[in-house]
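Accompanying notes for the structure given below.
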Amino acid sequence: MKSTETGRMKPIMVYLPKSIGSIVSFIGCMYASSPYVPMDYAVPMARFKATADNLSPSAVITDAEGSRRLSDAGIGVKILIYDSLADGDGDDDAVNAAIGAASDLDAAYIMYTSGSTGTPKGVTISHRAVLDYVGWLADTFDITHQSVIGMQSAFHFDNSVFDIFLALYLGCRTVIIPEQLFMYPKMLLDYMRQERISVIFWVPTVMISVANSGALEEAELPDALGLILFAGEVMPIRQLNSWIEAYPECTFVNMYGPTESTDIVLYYVVDRKYEICQTLPIGVPCANMKAIILNDDGKPCKTGEQGELYIGGSGVAMGYWNAPEPTEQAFIQNPLNNKYRDIIYRTGDLVYEAEDGNIMFLGRADSQIKLRGNRIELGDIEAAAAAQASVKNCCAIFDPDGEEIYLFLETDAEIVARKFISELKKHIPAYMAPQKIIVMQSFPHTPSGKIDRQSLKKTYITERN
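Heads up, the final residue of the sequence shown is numbered 531 in my numbering, and it's a clean run with no missing numbers.
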């Protein structure tokens, strides 16, 4: 994707606290026929500058505090103060002209994600992709204008597409849950009950925290809740079962999809409680999407054969903004189709198709390691550790320099490393056992709510070597 020199299609950055003002700004950008770019209000100024340099935006919408930060950091971007825009009169003729010139294949938003590389890339998503996605959601899960969505996601995280555009598409209500409530699960559940929240789409880390707190057993539960979706990380079975026990009549859905797929490409409706040692499927493709599993030779994998997941369909991103080389590497012509242009996205995730047609997630290709001649998937170690009753959450990281596996445990219990590893060996081969165990009371998290693996690696591995 390359930016244009005209006003149309020139991106507009939105740098505001998480509030209704941000959503109003997003809509305003789209009415002006410009893609919006949501920015984390806590983003370091160096990252903001790198994003602005890549975007060449026409403007940034912010508040007085945001304007001061940008000025102090010497970031030269045209600044529009939100309060002034909200109080001003709009140019109806200009808006109507912009809408009339818009196409469903134009960019709706650009969302910056570092993914596994640590380098921010501007994932560019079209209006058509968003429309197809929310239309599928509404039809598949019977979400209506009477639904009330409880928003957990940050605006610069792709799950926010669900929260924002379903409300606009259906005319239903989205409640922006105050961020501080996620630190107090009982208060969170009470707030959800008062607001009559009926649908949530959260990252597993947040659901894990609520389950571990005991609030599901002790608090008065939100009785309107009927649909619980989750995506972004692997959901541990033990904590999922706690939610199922608390909400036996609820529909639970495991969702999978990178930002490059307009949020979600695969889904699995959980039909039962799983055993702790079992793996939850990531499911089958959404409408207008396809999943292709290829081996190292670029050939289709047979049922049960491990391969890399590629995705295609209307939800696939237009590419990375102003980054032709990464776009060409990640978005490729479907090698199984030589008849017409058919762009698919290389996810970097290892999967296989089960006998029942559901796709099973194995982990990131870059999290599969080779140690002393053995191929190891770090996700297998995490699954075994998560099954231990004393573990609230866990994370396995490989140190290639020291050739050691670090297992981070979030727990309040006293852990004896030797005994814990011995217990793990009942569930995984000895060659998979971690060499180092680090116990923490709480993990650092990214703004989207996921475990901040880069922070753990830097603090406990890179800086100590």
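Don't be surprised by glycine CBs; every beta carbon is placed ideally from N, CA and C.
1) Just to confirm, is the Cβ distance from residue 358 to residue 378 under 8 angstroms?
2) What is the DSSP secondary structure of residue 483, counted as helix, strand or coil?
3) For residue 170, is the beta carbon positioned less than 7 angstroms from some heavy atom of the ligand PLP?
4) Just grab the DSSP bridge partners of residue 111 for me.
5) Contact check, residue 511 vs residue 503 under 8 angstroms by CB: the rounded distance?
6) Starting from the C-beta of residue 314, find all residues in its chain whose C-beta is less than 8 angstroms away, skip the five residues before and the five after it, and write them out in chain order.
7) Residue 128: buried (16+ other C-beta within 10 angstroms of its C-beta) or exposed?
8) For residue 113, collect the residues of the same chain with a Cβ closer than 7 angstroms to its Cβ; drop the 5 residues on either side in sequence, then sort them by chain order.
9) Near residue 494, which residues of its chain fall below 8 angstroms by C-beta distance, leaving aside the five closest residues on each side in sequence?
10) Going by beta carbon distance, what residues of the same chain come within less than 6 angstroms of residue 226, once the five residues before and after it are set aside?
11) Give the list of continuous alpha helix (DSSP H) stretches no shorter than 4 residues that lie fully inside the stretch 326-414.
12) From residue 181 to residue 431, what distance separates their C-alpha atoms?
13) Which of the three DSSP states is assigned to residue 174 in this structure?
14) From which residue to which residue does the beta strand (DSSP E) around residue 510 run?
15) By Cβ distance, which residues of its chain are closer than 7 angstroms to residue 68, with the 5 residues on each side in sequence left out?
16) So, is residue 246 buried or exposed, given that buried needs 16 or more other C-beta atoms within 10 angstroms?
17) In angstroms, rounded to a whole number, what distance separates the CA positions of residue 352 and residue 332?
18) Which residue from 300, 265, 306 puts its Cα closest to that of residue 282?
19) Can you tell me where the alpha helix (DSSP H) holding residue 201 begins and where it ends?
20) Give me the residue from 434, 108, 497, 312 with the minimum Cα distance to residue 222.
21) Relative to the alpha-carbon of residue 213, which residue among 176, 479, 291 has its alpha-carbon at the smallest distance?
22) Taking the C-alpha atoms as reference points, what is the distance between residue 316 and residue 334?
23) Flag this pair as touching only if the stretch 391-409 and the stretch 451-465 have three or more C-beta atom pairs under 8 angstroms; answer yes or no.
24) When the Cα atoms are used, what is the spatial distance from residue 208 to residue 96?
Considering the structure as presented:
1) Mapped onto the sequence shown, residue 358 falls at position 292. Mapped onto the sequence shown, residue 378 falls at position 312. Cβ atoms of residue 358 and residue 378: closer than 8 angstroms.
2) Translated into the one-based positions of the sequence shown, residue 483 becomes position 417. Residue state, collapsed to three classes: helix.
3) With respect to small molecules bound, the structure shown includes none, and the ligand PLP cannot be examined in it.
4) One-based indexing of the sequence shown puts residue 111 at position 45. Residue 111 pairs with nothing; no bridge assigned.
5) In the sequence shown, counting from the first residue as 1, residue 511 sits at position 445. In the sequence shown, counting from the first residue as 1, residue 503 sits at position 437. Wrong, their Cβ atoms sit about 20 angstroms apart, outside the cutoff.
6) By 1-based counting over the sequence shown, the position of residue 314 is 248. Cβ neighbours of residue 314 beyond the five flanking positions: none.
7) As a working mapping, residue 128 is identified with position 62 in the sequence shown. Label assigned to residue 128: buried.
8) Position 47 of the sequence shown holds residue 113. Excluding positions up to five away in sequence, the list reads 186.
9) As a working mapping, residue 494 is identified with position 428 in the sequence shown. Hits under 8 angstroms: 446, 447, 450.
10) Locating residue 226 in the sequence shown gives position 160, counting from the first residue. So the list reads 219, once near-sequence residues are dropped.
11) 390-396
12) As a working mapping, residue 181 is identified with position 115 in the sequence shown. As a working mapping, residue 431 is identified with position 365 in the sequence shown. Only weak support is given to the placement of residue 181: the predicted model assigns it a pLDDT of 48, under 50, and the question is left unresolved by the model.
13) The residue given as residue 174 occupies position 108 in the sequence shown. Here residue 174 sits in strand by DSSP.
14) Sequence index remark: in the sequence shown, residue 510 carries index 444 (1-based). No beta strand (DSSP E) holds residue 510; DSSP gives it neither H nor E.
15) Here residue 68 refers to the residue found at position 2 of the sequence shown. Low local confidence applies: a pLDDT of 41 at residue 68 is under 50, so the model's placement there is unreliable, and no value is given.
16) On the sequence shown, residue 246 is found 180 positions in, with the first residue counted as 1. With fewer than 16 Cβ atoms within 10 Å of its Cβ, residue 246 is classed as exposed.
17) Translated into positions along the sequence shown, residue 352 becomes position 286. Translated into positions along the sequence shown, residue 332 becomes position 266. Residue 352 and residue 332: Cα-Cα distance of roughly 6 angstroms.
18) The count along the sequence shown starts at 1 and reaches residue 282 at position 216. Nearest C-alpha to residue 282: 306.
19) For the purposes of this step, residue 201 is taken as residue 135 along the sequence shown, with counting starting at 1. Here the alpha helix (DSSP H) through residue 201 covers 193-207.
20) To locate residue 222, count along the sequence shown from 1; it is residue 156. The residue with the shortest Cα to Cα distance from residue 222 is 108.
21) Your numbering for residue 213 matches position 147 in the sequence shown. Nearest option by C-alpha distance: 291.
22) For the purposes of this step, residue 316 is identified with residue 250 of the sequence shown, where counting begins at 1. For the purposes of this step, residue 334 is identified with residue 268 of the sequence shown, where counting begins at 1. Distance between the alpha carbons of residue 316 and residue 334: 14 angstroms.
23) no
24) Residue numbering aside, residue 208 sits at position 142 when the sequence shown is read from its first letter. Residue numbering aside, residue 96 sits at position 30 when the sequence shown is read from its first letter. Rounded to whole angstroms, residue 208 to residue 96 spans 27 angstroms at the Cα level.
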